[in-house]
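**Student:**
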Amino acid sequence: MNGPEVIALGEVMLRFDPGEGRIRTARTFQVWEGGGEYNVVRGLRRCFGRRTAVVTALADNAVGRLAEDLILQGGVDTSLIRWVPGDGIGRTARNGLNFVERGFGIRGALGVSDRAHTAVSQLRKGDIDWHALFASGPRWFHTGGVFAGLSDTTVDVADEAMAAARRHSVTVSYDPNYRPSLWADRGGAERAREVDLRLARHADVVVGALGLAGPYPGAIRVEADEVPDALAEVAGRLPAAKVLATTLRGVPSAGVNDWSSAAWSQATGFVAGPDMPGLHVLDRIGSGDAFAAGLIYGLLMSACGPGDQPAAVCGPDRGRRSGQAPGHGPPGRAGSEHARLRNTVSGPLTGVEPTGGPLTTDCLKRALAYGTAYGALAMTTPGDVSMASLAEVEALAAGGSAGVRR
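So for the sequence shown, my numbering puts the first residue at 6; every next one is plus one.
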């Protein structure tokens with residue numbers, strides 16, 4: 006099978022980066038591509054070497070073709086892009102733009118998106134032949150709350166796609182990824198929570214699962230020692246979910262973050278991920294998506310899979326289906342000059358093969374190690390998507406340092 010192994014559904018925007026400056030005073034910008042769901046498959050392709058594709062829509066003009074060119078540079082299959090004829094001024098359909106400051110010290114990161122009336126926000130049920138797409142043999146489908154937050158119709162498209170993936174025994178993952186600006190005039194946090202629960206019930210794996218704790222997004226701050234109970238609460242709301250995973254971030258300053266992760270599964274219960282206190286950050290945007298990419302890679306390639314059905318995800322044959330905003334609360338103290346992963350799993354992370362088998366604690370720890378390391382490395386380079394290699398991820402996950410390599 007030469008088609009994509011992992012498919013994402015989401016918006017791809019152009020990100021305008023003023024570097025160390027401010028949006029309101031910038032005269033030049035570096036341009037990247039990015040999007041909450043797209044970043045996951047871009048990382049899976051560029052770093053982890055998996056075949057991936059993105060389902061999205063772009064207005065067919067020079068701006069849309071620039072986005073396509075950037076996607077192609079990342080190695081993601083563009084054949085599933087739906088091209089919408091442009092009218093010359095973007096009245097009927099346009100492409101999303103995202104202006105993002107990285108932040109520094111006491112000044113936090115700032116995002117200003119210009120994404121109303123985009124081509125992808127106008128997708129409707131029936132526009133995509135999901136049966137044909139999933140019948141072609143992908144192993145994993147990923148989408149999230151950023152795409153669902155674009156419009157009422159994209160909620161229905163996500164629901165349609167996730168349900169179709171389930172029917173074809175494709176593993177489904179979902180990341181709530183709450184963005185207040187997307188829901189401000191559509192019912193706010195309460196409506197976002199309603200949509201997230203509707204869609205997450207289709208998912209085998211929920212990334213950013215702490216975003217579903219409490220009565221609505223942002224209602225509670227989950228401290229490190231409360232994470233097991235919070236994930237158990239989310240598991241009670243999503244009885245079909247096989248794996249719940251989350252990042253844990255403390256923010257002493259824009260340039261120093263405490264970074265960790267945790268997960269829960271039906272097979273293992275709560276599992277603590279690696280801990281990286283005092284991580285020095287250049288650009289945090291996209292780090293949660295990088296975590297999701299590493300986690301998915303670990304679950305795809307380890308001798309394990311989410312749930313109680315062997316090989317449903319990781320085996321060479323898919324069995325019957327197995328079923329960031331990142332979390333809040335500091336996982337540890339800042340101050341480590343050379344951040345290292347703590348609580349790493351035993352043994353090297355290299356050489357894993359998709360052999361299938363039941364999910365074990367060690368398997369889940371390995372997946373968390375990949376996700377945590379890749380997310381950490383994503384914060385050391387500019388742009389939504391990481392420039393890290395698999396060798397760098399594996400070295401960091403095994404406890405590597407920031408020493409010079411010669």
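For each residue, glycine too, the CB sits at the ideal point set by N, CA and C.
Here the structure is a predicted model, which means the values were calculated and not measured.
Which stretch, first to last residue, makes up the beta strand (DSSP E) that contains Val486?
**Tutor:** The structure shown does not extend to residue 486, since the chain is modelled only from 6 to 411, so the question has no answer here.
**Student:** Under the DSSP definition of a beta bridge, which residues are partnered with Asp119?
**Tutor:** Here residue 119 refers to the residue found at position 114 of the sequence shown. BP columns for Asp119 point to Leu102.
**Student:** For Leu77, which three-state DSSP category applies?
**Tutor:** Taking the sequence shown and counting its residues from 1, one reaches residue 77 at position 72. In this structure, Leu77 counts as helix in the three-state DSSP scheme.
**Student:** Can you find the residues in the same chain that come closer than 7 Å, C-beta to C-beta, to Lys130, ignoring five residues on each side of it along the sequence?
**Tutor:** As a working mapping, residue 130 is identified with position 125 in the sequence shown. Here the set comprises Asp161, Val162, Glu165.
**Student:** Nearest to Asp201 by alpha carbon, out of Thr159, Ala240, Ala153, Ala245?
**Tutor:** Sequence index remark: in the sequence shown, residue 201 carries index 196 (1-based). Looking at the Cα atoms, Ala153 is the closest of the given residues.
**Student:** So, Ser194 versus Gly223, is the Cβ gap smaller than 8 Å?
**Tutor:** Position 189 of the sequence shown holds residue 194. Position 218 of the sequence shown holds residue 223. Position check: residue 194 holds Ala in this sequence, whereas Ser was assumed. Cβ atoms of Ala194 and Gly223: closer than 8 Å.
**Student:** Which residue marks the beginning of the alpha helix (DSSP H) containing Ile94, and which one marks its end?
**Tutor:** If you number the sequence shown from 1, residue 94 lands on position 89. Run containing Ile94: none; DSSP gives neither H nor E here.
**Student:** Are the stretch 268–275 and the stretch 368–377 in contact at 8 Å, needing three or more beta carbon pairs?
**Tutor:** Output reads yes: the stretch 368–377 touches the stretch 268–275.
**Student:** Reducing DSSP to helix, strand and coil, say where Arg47 ends up.
**Tutor:** Your numbering for residue 47 matches position 42 in the sequence shown. Three-state DSSP puts Arg47 in a helix.
**Student:** Starting from His147, follow its DSSP beta bridges and name the residues at the other end.
**Tutor:** As a working note, residue 147 is residue 142 in the sequence shown. DSSP output for His147 lists Ala13, Ser178 as bridge partner(s).
**Student:** Alpha carbon to alpha carbon, how far is Gly278 from Val89?
**Tutor:** Stepping through the sequence shown from its first residue, residue 278 is reached at position 273. Stepping through the sequence shown from its first residue, residue 89 is reached at position 84. So the two alpha carbons sit approximately 43 Å from each other.
**Student:** Thinking C-alpha only, which one of Val68, Ile133, Ala121, Ala403 is nearest Leu14?
**Tutor:** For the purposes of this step, residue 14 is taken as residue 9 along the sequence shown, with counting starting at 1. Comparing Cα-Cα distances from Leu14 to each of Val68, Ile133, Ala121, Ala403, the minimum goes to Ile133.
**Student:** For a test of the three-state rule: what should DSSP assign to Gly40, helix, strand or coil?
**Tutor:** Numbered from 1 along the sequence shown, position 35 holds the residue referred to as residue 40. In the structure shown, Gly40 sits in coil (DSSP, three-state: anything other than H, G, I, E or B).
**Student:** Can you have a look at Met281 and say buried or exposed, based on whether 16 or more other CB atoms are within 10 angstroms of its CB?
**Tutor:** On the sequence shown, position 276 is the one that residue 281 refers to. That one is buried.
**Student:** Val59 by DSSP, collapsed to three states: which one?
**Tutor:** Numbered from 1 along the sequence shown, position 54 holds the residue referred to as residue 59. Looking at Val59 - three-state DSSP - the assignment turns out to be strand.
**Student:** Using CA atoms only, rank isn't needed, just tell me which of Ala114, Val125, Leu138, Tyr379 is closest to Gly26.
**Tutor:** For the purposes of this step, residue 26 is taken as the residue at position 21 of the sequence shown. Looking at the Cα atoms, Ala114 is the closest of the given residues.
**Student:** Find out if the Cβ-Cβ distance for the pair Ala124, Ala62 is shorter than 8 Å.
**Tutor:** On the sequence shown, residue 124 is found 119 positions in, with the first residue counted as 1. On the sequence shown, residue 62 is found 57 positions in, with the first residue counted as 1. Taking 8 Å as the Cβ cut-off, Ala124 and Ala62 qualify as a contacting pair.
**Student:** Taking Gly255 as part of the beta strand (DSSP E), name the residues at either end of that continuous run.
**Tutor:** Indexing the sequence shown from 1 puts residue 255 at position 250. Here the beta strand (DSSP E) through Gly255 covers 248–258.
**Student:** Take Ala64 and list the residues in its own chain whose beta-carbon comes closer than 6 Å to its own, dropping the five residues that flank it on each side.
**Tutor:** In the sequence shown, counting from the first residue as 1, residue 64 sits at position 59. Contacts found: Val89, Gly91, Ala98, Arg99, Asn100, Ala124.
**Student:** For the ligand COA, is there a heavy atom less than 7 Å away from the beta-carbon of His122?
**Tutor:** Questions concerning the ligand COA fall outside what the structure shown contains, since it holds no ligand whatsoever.
**Student:** Are the beta-carbon atoms of Arg171 and His136 separated by less than 8 Å?
**Tutor:** Start at 1 with the first residue of the sequence shown, and residue 171 comes out as number 166. Start at 1 with the first residue of the sequence shown, and residue 136 comes out as number 131. Against a cut-off of 8 Å, the Cβ pair of His136 and Arg171 comes out as no contact.
**Student:** Below 8 Å between beta carbons: does that hold for Ile94 and Val60?
**Tutor:** Looking up residue 94 in the sequence shown gives position 89. Looking up residue 60 in the sequence shown gives position 55. For Ile94 and Val60, no; Cβs fall outside 8 Å.
**Student:** If I'm right that Gly150 touches Asp180 with Cβ under 8 Å, what's the distance once you round it to whole angstroms?
**Tutor:** Here the question's residue 150 lines up with position 145 in the sequence shown. Here the question's residue 180 lines up with position 175 in the sequence shown. About 7 Å; that satisfies the 8 Å criterion.
**Student:** What does DSSP give as the partner residues of Gly274 in its beta bridges?
**Tutor:** Locating residue 274 in the sequence shown gives position 269, counting from the first residue. DSSP lists Ser270 as partners of Gly274.
**Student:** Taking the CB atoms as reference points, tell me whether Asn262 and Val227 lie closer together than 8 Å.
**Tutor:** Within the sequence shown, residue 262 is the residue found at index 257, counting from 1. Within the sequence shown, residue 227 is the residue found at index 222, counting from 1. In this structure, Val227 does not lie closer than 8 Å to Asn262 by Cβ.
**Student:** Specify, as a first and last residue, the run of the alpha helix (DSSP H) that Val160 falls within.
**Tutor:** In the sequence shown, the residue the question calls residue 160 occupies position 155. Its alpha helix (DSSP H) spans residues 157–172.
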